[in-house]
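Chains as they are written, first to last, in our numbering: chain U, 876 to 1015; chain E, 4 to 180.
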Amino acid sequence: MDPADDADLERLLDRELKKLPAPRAPHSLLPRVMAAAAGSNAREVPATGWSTWSPAWQASSVAVLLLFVATVAWLFSAPPAQVVETTRTAGEIAAVMRVFWDVLLQPVATYIFVLGLSLALACAAAWAALELALGGASHQ
Amino acid sequence: MSDVARFEAFVREYQDMVFATAVRLLGRESDAEDVAQTVFMRAFERLDEVVDSPAAPGWLKTVTTNLCLNHLSRYRSRWRFFSEMDPVRELPGLEARIARMASAPEAMERADAQERLERALRRLPEHQRVPLVLFHFDDMSYQAIAEALRVSLAKVKSDIHRGREALKQELSVHGSR
């Protein structure tokens, strides 16, 4: 290869290539980039730890927590009559429900279950027989 | 001006430059668009550093070039396979440009020649096109190109020479008509 020719070719091509108009970005590029940027923003989960809360919110949360602990402690140490009464009523209702289950429902529960299962199987068998008899006409 | 508005103005300003760099290195518009998006997302991650900086164009060009070279090395085998199935498409805007220049035959001829040269450049094999683009468009030296592509200096010179010969044929074939 002749160095002079090479140099000429390099200059010629350099001139011609640099005169080329720059290819334009497609119209879809800007919306794509902006959508990706919006998605990237949305994925950034803001810090939500207690230490990042404002002092006012931190003080409020401590106050609410203390109040809750004090209330629970008071309820366990000296429950008011209304709470005791409510608890007793709930216990009585539970006892009645248990008797109702033991006496009325439990003896027939097995039969009801077996009957339900048999009916479901009979329906499935009848449906399959019907499909067979119609020769799959419903699929055509 | 909000960050989103600043970023949008930034993308509008530099999208052609980034895309042009990418498409000439990669030879495929779809890949160039992907790389351009990645480049701008890198800029978005450091919005305050980049957007108002006078060094932004240089930074964008460097990041684009590096990402394109990474892309080429990562997808080299796949690119070769698909490039044979996906011939270079008609360059966008050609028909519109021809229509606009219909009344100016010389300008039309000039635009046509440039279109052919651009297309011939993109059709060059990757090992010729990439060093050629880095040399002529990014003004990199042979040595810098050899280091960037991790090949020998002799190979860079030889590939660029062959690429130029191919483009010269394109220029002379159509120039002699």
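We put the beta carbon where it would ideally sit given N, CA and C, even for glycine.
Item to check | Thr927 of chain U, enclosing alpha helix (DSSP H) - first and last residue | outcome: Residue numbering aside, residue 927 of chain U sits at position 52 when the first sequence is read from its first letter. Segment: none, Thr927 of chain U is in no alpha helix (DSSP H) and carries neither H nor E.
Checklist entry - Whole-angstrom Cβ separation of His164 of chain E and Asp889 of chain U, contact assumed at under 8 Å? => result For the purposes of this step, residue 164 of chain E is taken as residue 161 along the second sequence, with counting starting at 1. For the purposes of this step, residue 889 of chain U is taken as residue 14 along the first sequence, with counting starting at 1. 14 Å between Cβ atoms; not a contact.
Checklist entry - Taking the alpha carbon of Leu905 of chain U as the point to measure from, which residue in E:Asp55, E:Glu121, E:Tyr17 has its own alpha carbon closest? => result For the purposes of this step, residue 905 of chain U is taken as the residue at position 30 of the first sequence. Nearest option by C-alpha distance: E:Tyr17.
Checklist entry - Should the region 925-938 of chain U be regarded as contacting the region 22-38 of chain E, the criterion being three or more beta carbon pairs within less than 8 Å? => result no
Checklist entry - Where Gln981 of chain U and Ala999 of chain U are concerned, what is the direct C-alpha to C-alpha distance, given to the nearest angstrom? => result Indexing the first sequence from 1 puts residue 981 of chain U at position 106. Indexing the first sequence from 1 puts residue 999 of chain U at position 124. Roughly 28 Å between the two C-alpha positions.
Checklist entry - Would you say Ala900 of chain U reaches chain E, if we count a Cβ-Cβ gap shorter than 8 Å as a contact? => result Stepping through the first sequence from its first residue, residue 900 of chain U is reached at position 25. Yes - at least one Cβ of chain E is within 8 Å of the one on Ala900 of chain U.
Checklist entry - Phe10 of chain E lies in the alpha helix (DSSP H); which residues open and close that run? => result Here residue 10 of chain E refers to the residue found at position 7 when the second sequence is read from its first residue. First-last of the alpha helix (DSSP H) with Phe10 of chain E: 6-29.
Item to check | Nearest-angstrom beta carbon gap, Phe43 of chain E and Val908 of chain U [assumed within contact, 8 Å] | outcome: Within the first sequence, numbered from 1, the residue matching residue 908 of chain U stands at position 33. Within the second sequence, numbered from 1, the residue matching residue 43 of chain E stands at position 40. Right, the Cβ-Cβ distance comes to about 5 Å (below 8 Å), so this counts as a contact.
Next on the checklist: Below 9 Å on C-beta distance, what does Leu152 of chain E contact in chain U?
Outcome noted: Position 149 of the second sequence holds residue 152 of chain E. By Cβ distance, chain U contributes nothing, its closest Cβ being about 19 Å from Leu152 of chain E, past 9 Å.
Checklist entry - Within the 8 Å Cβ cut-off, does Val14 of chain E reach chain U? => result Indexing the second sequence from 1 puts residue 14 of chain E at position 11. With 8 Å as the cut-off, Val14 of chain E counts as an interface residue toward chain U.
Item to check | Partner residues on chain U for His139 of chain E, Cβ-Cβ distance less than 8 Å | outcome: Along the second sequence, read from residue 1 onward, the residue named residue 139 of chain E stands at position 136. Within chain U, the residues near His139 of chain E are Leu888, Asp889, Leu892, Lys893.
Checklist entry - Quick one: which chain E residues come within Cβ less than 7 Å of Ala1025 of chain U? => result There is simply no residue 1025 of chain U to check, as chain U begins at 876 and stops at 1015 in what is shown.
Checklist entry - Mind checking whether Leu895 of chain U and Leu120 of chain E have CB atoms under 8 Å apart? => result To locate residue 895 of chain U, count along the first sequence from 1; it is residue 20. To locate residue 120 of chain E, count along the second sequence from 1; it is residue 117. Yes, these two residues count as a Cβ contact at 8 Å.
Checklist entry - Which bits of chain U does Leu174 of chain E rub up against, with CB to CB less than 9 Å? => result The count along the second sequence starts at 1 and reaches residue 174 of chain E at position 171. Under the 9 Å cutoff, chain U gives Leu887, Leu888, Glu891.
Checklist entry - DSSP on Ala911 of chain U, reduced to helix/strand/coil? => result Reading the first sequence from its first residue, position 36 is the one you call residue 911 of chain U. Residue state, collapsed to three classes: helix.
Checklist entry - Sorted by chain position, which residues of the same chain lie with C-beta nearer than 7 Å to Val26 of chain E's C-beta, five sequence neighbours on each side aside? => result To locate residue 26 of chain E, count along the second sequence from 1; it is residue 23. Cβ neighbours of Val26 of chain E beyond the five flanking positions: Glu32, Ala35.
Item to check | For Val66 of chain E, the first and last residue of its enclosing alpha helix (DSSP H) | outcome: Within the second sequence, the letter at position 63 stands for residue 66 of chain E. Run containing Val66 of chain E: 59-77, per the alpha helix (DSSP H) assignment.
Checklist entry - When we look at the beta-carbon of Ala912 of chain U and count the other beta-carbons within 10 Å, is it buried (16 or more) or exposed? => result For the purposes of this step, residue 912 of chain U is taken as residue 37 along the first sequence, with counting starting at 1. Per the 10 Å Cβ criterion, buried.
Checklist entry - What separation, rounded to the nearest whole angstrom, lies between the Cα atoms of Ser929 of chain U and Phe943 of chain U? => result Mapped onto the first sequence, residue 929 of chain U falls at position 54. Mapped onto the first sequence, residue 943 of chain U falls at position 68. Cα-Cα distance, rounded: 21 Å.
Item to check | is_contact[Leu167 of chain E, chain U] using C-beta, thresh 8 Å | outcome: Locating residue 167 of chain E in the second sequence gives position 164, where the first residue counts as 1. For clarity, residue 167 of chain E is Arg in the given sequence; the question names Leu instead. So, interface residue.
Checklist entry - According to the neighbour-count rule (16 or more other Cβ atoms, all chains shown, within 10 Å of its Cβ), is Val958 of chain U buried or exposed? => result Here residue 958 of chain U corresponds to residue number 83 of the first sequence, with the count starting at 1. Answer is exposed; the Cβ neighbour count stays below 16.
Checklist entry - If you count every other CB in all the chains shown that lies within 10 Å of the CB of Asp142 of chain E, and 16 or more means buried, which is it? => result Mapped onto the second sequence, residue 142 of chain E falls at position 139. By the neighbour-count rule (16 or more Cβ atoms within 10 Å), Asp142 of chain E is not buried but exposed.
Checklist entry - Under a three-way DSSP split, which group does Ser993 of chain U fall into? => result Taking the first sequence and counting its residues from 1, the one referred to as residue 993 of chain U is at position 118. Looking at Ser993 of chain U - three-state DSSP - the assignment turns out to be helix.
Item to check | Cβ distance (whole Å) where Val133 of chain E is taken to contact Leu170 of chain E below 8 Å | outcome: Taking the second sequence and counting its residues from 1, the one referred to as residue 133 of chain E is at position 130. Taking the second sequence and counting its residues from 1, the one referred to as residue 170 of chain E is at position 167. Actually they are not in contact, since the Cβ atoms of Val133 of chain E and Leu170 of chain E sit about 14 Å apart, beyond 8 Å.
Checklist entry - Any Cβ of chain U within less than 8 Å of the Cβ of Met20 of chain E? => result Reading the second sequence from its first residue, position 17 is the one you call residue 20 of chain E. With 8 Å as the cut-off, Met20 of chain E counts as an interface residue toward chain U.
Checklist entry - By how many angstroms is the C-alpha of Val14 of chain E removed from the C-alpha of Asp55 of chain E? => result Here residue 55 of chain E refers to the residue found at position 52 when the second sequence is read from its first residue. Here residue 14 of chain E refers to the residue found at position 11 when the second sequence is read from its first residue. Between Asp55 of chain E and Val14 of chain E, the C-alpha separation is close to 12 Å.
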